[in-house]
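Letter by letter, the sequence shown follows residues 209 to 560 in my numbering.
All C-beta atoms, glycine included, are put in the ideal place defined by N, C-alpha and C.
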Amino acid sequence: MSEKSPIIKIVKKCSPAVVSIIIAKNLPSLENFPDFSPFLPFGFDPKELYKQIPPEMFDEHGRVKIGGGSGFITSSDGFILTNKHVVVDPKADYTVVTNEGKKYHAKVVARDPINDVAILKIECDGMPHIELGESSNLDLGQTVVAIGNALGQFQNTVSTGIVSGLSRHITAQAGANGQQQELRGVIQTDAAINPGNSGGPLVDIDGKAIGINSAVVFGAQNIGFAIPINAAKKAMDDIKKFGRIRAPFLGLRYILVDPGLKIRHNLPVDYGALVVPEATPGDYGVLQNSPAFKAGILEHDIILEADKQKITRELPLSDIIQKHEVGDKINLKVLRRDGKEFSAEVVLEEMK
209 MSEKSPIIKI VKKCSPAVVS IIIAKNLPSL ENFPDFSPFL PFGFDPKELY KQIPPEMFDE
269 HGRVKIGGGS GFITSSDGFI LTNKHVVVDP KADYTVVTNE GKKYHAKVVA RDPINDVAIL
329 KIECDGMPHI ELGESSNLDL GQTVVAIGNA LGQFQNTVST GIVSGLSRHI TAQAGANGQQ
389 QELRGVIQTD AAINPGNSGG PLVDIDGKAI GINSAVVFGA QNIGFAIPIN AAKKAMDDIK
449 KFGRIRAPFL GLRYILVDPG LKIRHNLPVD YGALVVPEAT PGDYGVLQNS PAFKAGILEH
509 DIILEADKQK ITRELPLSDI IQKHEVGDKI NLKVLRRDGK EFSAEVVLEE MK
């Protein structure tokens, strides 16, 4: 019992702030159902469609519940963190259900343009909340607890494990609807992540959130992933300061150079970011009036370093950019087509 006591204390401390997020939508009005008649069995009454939906699938407003996930309250005035994929539908209505069963209409304040993070707000005061920890100094092997509160099959889920990997870059299934997305810089854990605790907190032994449960690799044993909490903290700070999430923007398209690409295209180096246009005419490698354009970057340039960090597949240019703020200056080491190297200072602007 003594070995379990710290985990029990963590769960009791954090569970009141872990919420369920219910997604609901209005059905098409009955007068629109005739549009679907050619696809229905002969003689089928479209009104029968309503009768085939179980009563528990309707909310108190007559909307159909189409999904859900978890989230967690981060402030006493009702700010909530969850995954972007949980609240991706702009036409849906979102209801937050607390651990005590209280329901609140939730407003989606922001969806992060880069990370699988979204911020919700409910109108309330004095709410229990989870303190946000620090994800930049995690240790391999440290204990973590994943908590979820999705109504239905996965209600009140708790799983324990360790941090088994850091700064992982994967393409994974996020959520129960099978969405595929690229996740970069995520925390790998063997704590069970499932559609029920997706969006819930991954907490440390002190009960502080160090990640947001995000994805699981199906078909693989004990592999789950969480968004580092520092990414969410930056998003929260942006909301409070600017009313929106601000993402830094360089303004160029590139492919990463590796030994294979060097051989195929007879390039002078086997690393860096090769600036290239899209196949569609008019889609330039350097966007007009972008920070890269203003710094004199051209198509077919190879950006070798950014802030003295060598650009590779393990450390792509986008990862370096995302660690900066809008307005930051970064120094690029660039190799031009004629073989000359030069340095360029770029001022990052806000992604629109």
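What would DSSP say about residue i, mapped onto helix, strand or coil?
i      : result
Phe241 : Unreliable positioning characterises Phe241 in this predicted model, as indicated by a pLDDT of 43, which lies under 50. The coordinate reading is nonetheless provided below. In this structure, Phe241 counts as helix in the three-state DSSP scheme.
His337 : coil
Lys233 : strand
Leu248 : No answer about Leu248 holds up, because its pLDDT of 41 lies below 50 and its placement is not dependable.
Leu469 : helix
His176 : The requested residue 176 is not part of the displayed model; the chain covers only 209 to 560.
Gly383 : With a pLDDT of 48 at Gly383, under the threshold of 50, the predicted position of this residue should be treated as unreliable, though the coordinate-derived value follows. In the structure shown, Gly383 sits in coil (DSSP, three-state: anything other than H, G, I, E or B).
Ala455 : coil
Ser223 : helix
Asp301 : strand
Pro254 : Legend: pLDDT at Pro254 = 49, less than 50; position of this residue unreliable, value from coordinates given subsequently. In this structure, Pro254 counts as coil in the three-state DSSP scheme.
Asn438 : helix
Met209 : The predicted model places Met209 with a pLDDT of 48, which falls under 50 and marks its position as unreliable; any figure quoted below should be read in that light. Coil, per DSSP.
Ala443 : helix
Ile401 : coil
Lys560 : coil
Ile218 : helix
Val296 : coil
Could you check whether residue j and residue i sit closer than 9 Å to each other, using their CB atoms as the reference points?
i      : j      : result
Ile511 : Leu495 : no
Ala423 : Asp324 : yes
Val394 : Gly369 : no
Val366 : Val352 : no
Val465 : Ala439 : no
Val477 : Gly493 : no
Ile330 : Gly286 : yes
Ile327 : Ile453 : yes
Gln569 : Leu523 : Not covered by the structure: residue 569. The range shown for the chain is 209 to 560.
Asp207 : Arg392 : Residue 207 lies beyond the range of the chain shown here (209 to 560); nothing can be said about it.
Ile162 : Gly408 : What is shown of the chain runs 209 to 560, which leaves residue 162 out entirely.
Lys541 : Glu513 : yes
Ser498 : Phe450 : no
Ala552 : Ile505 : yes
Asp509 : Arg461 : no
Thr397 : Ser375 : no
Ser284 : Ala358 : no
Ile218 : Ile413 : yes
Ile437 : Asn291 : no
Asn421 : Leu410 : yes
Val534 : Ala503 : no
Ile231 : Asp333 : no
Val305 : His313 : no
Gly276 : Val294 : yes
Gly432 : Ala455 : no
Lys221 : Gly404 : no
Have a look at the DSSP bridge pairing and note the partners of residue i.
i      : result
Gln183 : Outside the modelled stretch of the chain, which goes from 209 to 560, sits residue 183, for which no answer is possible.
Arg319 : Ala326
Gly415 : According to DSSP, Gly415 bridges with nothing at all.
Val353 : Thr368, Val411
Ile281 : Ile288
Val555 : Lys537
Ile463 : Leu482
Ile378 : Leu391
Asn421 : Ala434
Met228 : Correcting the residue identity first, residue 228 is Ser in this sequence and not Met. Answer is Ser278, Val305, bridged to Ser228.
For chain C, is any of its Cβ atoms less than 9 Å away from the one on residue i?
i      : result
Val554 : Of the protein chains in the structure, only one exists, and it is not chain C.
What residue ranges within the region 483-553 form continuous beta strand (DSSP E) runs of no fewer than 3 residues, ordered along the chain? Listed in chain order, the complete beta strand (DSSP E) runs (minimum 3 residues) inside the region 483-553 are 510-514, 537-543.
Using 8 Å as the Cβ pair cut-off and three pairs as the minimum, do the region 335-350 and the region 466-476 touch? Contact between the region 335-350 and the region 466-476 is absent: fewer than 3 CB-CB pairs across the two stretches fall below 8 Å.
Is it true that the region 446-466 meets the region 302-319, where meeting means three or more beta-carbon pairs spaced less than 8 Å apart? Taking 8 Å as the limit for Cβ pairs, the verdict is that the region 302-319 does touch the region 446-466.
Pair every Cβ in the region 275-284 with every Cβ in the region 223-230, then say whether three or more of these pairs are closer than 8 Å. Yes, the region 275-284 touches the region 223-230.
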